[in-house]
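> Numbering (this note's numbering), first residue to last: 58 to 649.
Cβ atoms here follow ideal geometry from the backbone N, Cα and C, with glycine treated the same way.
What follows is a structure written as structure tokens; I'll ask about it next.
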RNA sequence: GGGGGCGUGGUCUAGCGGUUUAGGACGUCGGCCUGUCACGCCGAAGAUCGCGGGUUCAAAUCCCGUCGCUCCCGCCA
């Protein structure tokens, strides 16, 4: 019997410093790199806390040296040795432990390793699917360790902050009732009630509202949410929300809380001071200025309306559009007047993807030359007015689009983002937060020919718009808001309805009859009968915020085991087909 | 549901009708090397060019299909 299982570490690799010189230590870790000089072997040993250099010298211990020759990358070893100051000028300033090294006295190989399919280090160029298949190796990379570390710190900051603000963390069920509206549900068959299904929550929305009726007053949850929709770089079938709900509050109470939370998070995790309050922008202004409800304000290039000027010109296309109730709007592309015909055509191709006919370019050439298909149809005065409207100067290119405002604006918004990226106008070091407020309550669903909720059916209309609900519902603004960071929607919330009558009326407007409402949301409506307090909440998307803090383009980089864009897990192979026997218990038959 | 891009040793890639016995870098293996840390030097192994079909005297290269990955549109109350 060995006296001990293995040489257990007394120190972590990354924490050793010059102060430890002279001490005998035991370290455990993975072989990051072996450098065999023939008569001397260096091994970089890596654990979660960093890397330290170990030296094997044959004159001191030939047997141990022979053992070190067998080491390979990713072997797991325990090394006992003496910490020493590195000799002469062999200090390595790239390493936190670069002042010292460990002279090995004893070694135990705890496990061997196959050669990994990719090198365990930062800045590797490897196909992502391979990284996901071998995620356990990928996570060993310092960069991924750091992402997981920051994720932990962020979640801890959230818990500390909300605890300090008197919030209660409460878990809500994962197996819940399916809701046909909104995103598609992931379904879970019930064995005990064969033929019936649970759904996984798209969000804990109704439960957190019920918790307000329950008198919890301040609730939060680090909540996993599930949506069975097609994926994107920043969309996973399961993701995490910081789900928050409060009673006896108005919109600004919640925005203020969200602001303080982000400020605390950025300060504790990054040491970064966020400027508060975050700018508030109405949905209407956001659309008019940026063509999108989640503007990236790290660069300008705002949308300019020249409808009035265009109406005065002899340009027939413009006049027709304006007479038909349309608008002429555009953006200024700084220093792009030199674009070739081909480059300008590419801009048109870009907007054609979204259904526009193409852009109308105005290039401001040297000497005040107004180069555009518009030139002949406009007076010098009109040209001057257009240039003034865009605050343009020689060398700029203006891209105009004509059509209905709600058609033109989103396309210009996309063009703005595309060109902001192409022209490298975005300062990547910035964290630009803002709130978009006063969203429309409803929008008209052309396909289904009915009115839909813009946010969700439990959102309260703004009090000043209550009177429009019966007469002109599409004009009603909701007490809903989004928090936007660098052009990403990172939180969404609203003040909720807490009156049964109003709730039923809103459901009716979106086509859910009183009977249907009772059947599907009866528990909520009934709860409203028992003293529901005014309440509201917000749900920041944890993954996106972390990705932004870590400077990553995809949330996959900050999730330990993400799915690929097909919704598969490359490591485990999920989802898989299920044996008939297992399906039989559930009384389920799969159609072939 | 639709569109774009990519698929070449373990990894990243070059080649894009014949000069290819498919080139390079990293990694791997072996040899030499006592101060390396992107160690160095010498040598070696390692690829049905995703898969199937077609065009052609000739296909990694062109065409069609298919699979995989990825990005976008729709979708995501």
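So, helix, strand or coil for residue 530, using DSSP?
Residue mapping note: residue 530 aligns to position 473 of the first chain, counting from 1. Helix.
> Which residues bound the alpha helix (DSSP H) around residue 324?
Stepping through the first chain from its first residue, residue 324 is reached at position 267. Here the alpha helix (DSSP H) through residue 324 covers 308-327.
> Assign residue 154 to one of two classes, buried (16 or more other C-beta atoms within 10 Å of its C-beta) or exposed (fewer than that).
Stepping through the first chain from its first residue, residue 154 is reached at position 97. By the 10 Å Cβ count, residue 154 comes out buried.
> Can the beta-carbon of residue 352 be found closer than 8 angstroms to that of residue 541?
Locating residue 352 in the first chain gives position 295, where the first residue counts as 1. Locating residue 541 in the first chain gives position 484, where the first residue counts as 1. For residue 352 and residue 541, yes; Cβs fall inside 8 angstroms.
> Quick one: give me the first and last residue of the alpha helix (DSSP H) that residue 473 is part of.
Within the first chain, residue 473 is the residue found at index 416, counting from 1. Looking at the DSSP string, the run of the alpha helix (DSSP H) that includes residue 473 is 462-479.
> Which of the three DSSP states, helix, strand or coil, is assigned to residue 626?
The residue given as residue 626 occupies position 569 in the first chain. Looking at residue 626 - three-state DSSP - the assignment turns out to be coil, as it is neither helix nor strand.
> Looking only at C-alpha atoms, which of 119, 75, 84 and 195 sits nearest to residue 24?
Coverage of the chain is limited to positions 58 through 649, which leaves residue 24 absent and any answer about it impossible.
> Tell me the start and end of each unbroken beta strand (DSSP E) in the region 395-433 that is at least 3 residues and wholly inside, in chain order.
Taking only runs of at least 3 residues, the beta strand (DSSP E) segments lying wholly in the region 395-433 are 417-422 and 426-428.
> Quick one: grab the DSSP three-state call for residue 226.
As a position in the first chain, residue 226 is number 169, starting the count at 1. Three-state DSSP puts residue 226 in a strand.
> Please return the same chain residues whose Cβ sits closer than 8 angstroms to the Cβ of residue 326, not counting the five positions on each side in sequence.
Start at 1 with the first residue of the first chain, and residue 326 comes out as number 269. Contacts found: 207, 210, 211, 214 and 606.
> Taking 8 angstroms as the cut-off, decide whether the C-beta atoms of residue 535 and residue 578 are in contact.
Within the first chain, numbered from 1, the residue matching residue 535 stands at position 478. Within the first chain, numbered from 1, the residue matching residue 578 stands at position 521. The answer is no: Cβ separation not under 8 angstroms.
> Out of curiosity, what's the CA-to-CA distance linking residue 113 and residue 122?
Here residue 113 refers to the residue found at position 56 of the first chain. Here residue 122 refers to the residue found at position 65 of the first chain. Whole-angstrom Cα-Cα distance: 6 angstroms.
> With a threshold of 16 other CB atoms inside 10 Å of the CB of residue 269, please say whether the residue is buried or exposed.
The residue labelled residue 269 in the question sits at position 212 within the first chain. Counting Cβ neighbours within 10 Å, residue 269 comes out buried, since at least 16 surround it.
> Based on Cα-Cα distance, which residue from 298, 91 and 368 lies nearest to residue 436?
Indexing the first chain from 1 puts residue 436 at position 379. Comparing Cα positions, the closest option is 368.
> Report yes or no: do three or more beta-carbon pairs, one from the region 556-566 and one from the region 236-256, lie closer than 8 angstroms?
Taking 8 angstroms as the limit for Cβ pairs, the verdict is that the region 236-256 does not touch the region 556-566.
> Three-state secondary structure (DSSP) at residue 132?
In the first chain, the residue the question calls residue 132 occupies position 75. In the structure shown, residue 132 sits in coil (DSSP, three-state: anything other than H, G, I, E or B).
> Could you say which of 494, 450 and 345 lies nearest to residue 471 if we only look at CA atoms?
Position 414 of the first chain, counting from 1, holds the residue named residue 471. Selected option, being the one with the closest Cα: 345.
> If residue 260 sits next to residue 596, beta carbons under 8 angstroms apart, how far is it from one beta carbon to the other, in whole angstroms?
Here residue 260 corresponds to residue number 203 of the first chain, with the count starting at 1. Here residue 596 corresponds to residue number 539 of the first chain, with the count starting at 1. Contact holds; Cβ gap of about 6 angstroms.
> Specify whether the region 85-98 and the region 115-134 touch according to this definition: at least 3 beta carbon pairs, one from each stretch, less than 8 angstroms apart.
The region 85-98, when compared against the region 115-134, does touch it at the 8 angstroms Cβ threshold.
> For residue 321, verify whether its CB is less than 7 angstroms away from any heavy atom of the ligand MG.
Of the ligands one can find in the structure shown there are none, so the ligand MG has no counterpart to examine.
> When DSSP labels each residue in this structure, what does residue 654 get in the three-state scheme?
Residue 654 falls outside the range modelled here, since the chain spans only 58 to 649, and no answer is possible.
> Does DSSP put residue 246 in a helix, a strand or coil?
In the first chain, counting from the first residue as 1, residue 246 sits at position 189. Strand.
> In whole angstroms, give me the CA-to-CA distance for residue 316 and residue 106.
Walking along the first chain from the start, residue 316 turns up at place 259. Walking along the first chain from the start, residue 106 turns up at place 49. About 33 angstroms.
> Within the same chain, show all residues whose beta-carbon is closer than 8 angstroms to that of residue 502, passing over the 5 residues directly before and after it, in chain order.
Mapped onto the first chain, residue 502 falls at position 445. Around residue 502: 508 and 509.
> Using only alpha-carbon positions, find the residue among 409, 354 and 623 that is nearest to residue 493.
The residue labelled residue 493 in the question sits at position 436 within the first chain. Closest option to residue 493, Cα to Cα, is 354.
> Just the Cα atoms here: how many angstroms apart are residue 292 and residue 298?
Here the question's residue 292 lines up with position 235 in the first chain. Here the question's residue 298 lines up with position 241 in the first chain. Answer to the nearest angstrom: the Cα atoms are 13 angstroms apart.
> Checking 8 angstroms against the spacing of the C-beta atoms, do residue 70 and residue 95 come in under that value?
Taking the first residue of the first chain as 1, we reach residue 70 at position 13. Taking the first residue of the first chain as 1, we reach residue 95 at position 38. Going by C-beta atoms, residue 70 is not nearer than 8 angstroms to residue 95.
> If you run the structure through DSSP and keep just helix, strand and coil, what is residue 516?
Taking the first residue of the first chain as 1, we reach residue 516 at position 459. In the structure shown, residue 516 sits in a strand (DSSP, three-state: E or B).
> On the three-pair Cβ rule with 8 angstroms, is the region 384-402 touching the region 447-461?
The region 384-402, when compared against the region 447-461, does touch it at the 8 angstroms Cβ threshold.
> Are the CB atoms of residue 174 and residue 191 within a distance shorter than 8 angstroms?
Residue mapping note: residue 191 aligns to position 134 of the first chain, counting from 1. Residue mapping note: residue 174 aligns to position 117 of the first chain, counting from 1. Closer than 8 angstroms, so yes.
> Where does the unbroken alpha helix (DSSP H) through residue 90 begin, and where does it stop?
Within the first chain, numbered from 1, the residue matching residue 90 stands at position 33. That residue, residue 90, is in no alpha helix (DSSP H); its beta strand (DSSP E) goes 81-93.
> Does the structure place the region 570-586 close enough to the region 608-621 that three or more beta carbon pairs sit under 8 angstroms?
Result no; under three Cβ-Cβ pairs closer than 8 angstroms.
> Out of curiosity, what's the CA-to-CA distance linking residue 332 and residue 379?
Residue numbering aside, residue 332 sits at position 275 when the first chain is read from its first letter. Residue numbering aside, residue 379 sits at position 322 when the first chain is read from its first letter. Residue 332 and residue 379: Cα-Cα distance of roughly 42 angstroms.
> If you run the structure through DSSP and keep just helix, strand and coil, what is residue 502?
Residue numbering aside, residue 502 sits at position 445 when the first chain is read from its first letter. DSSP places residue 502 in strand when its eight states are reduced to three.
> List the whole-angstrom C-beta distance separating residue 553 from residue 517, where the pair is believed to meet the contact cut-off of C-beta under 8 angstroms.
Translated into positions along the first chain, residue 553 becomes position 496. Translated into positions along the first chain, residue 517 becomes position 460. So it is a contact: roughly 6 angstroms between Cβ atoms.
> With DSSP run on the structure shown, which of helix, strand or coil describes residue 239?
Here residue 239 refers to the residue found at position 182 of the first chain. Note: residue 239 maps to coil in three-state DSSP.
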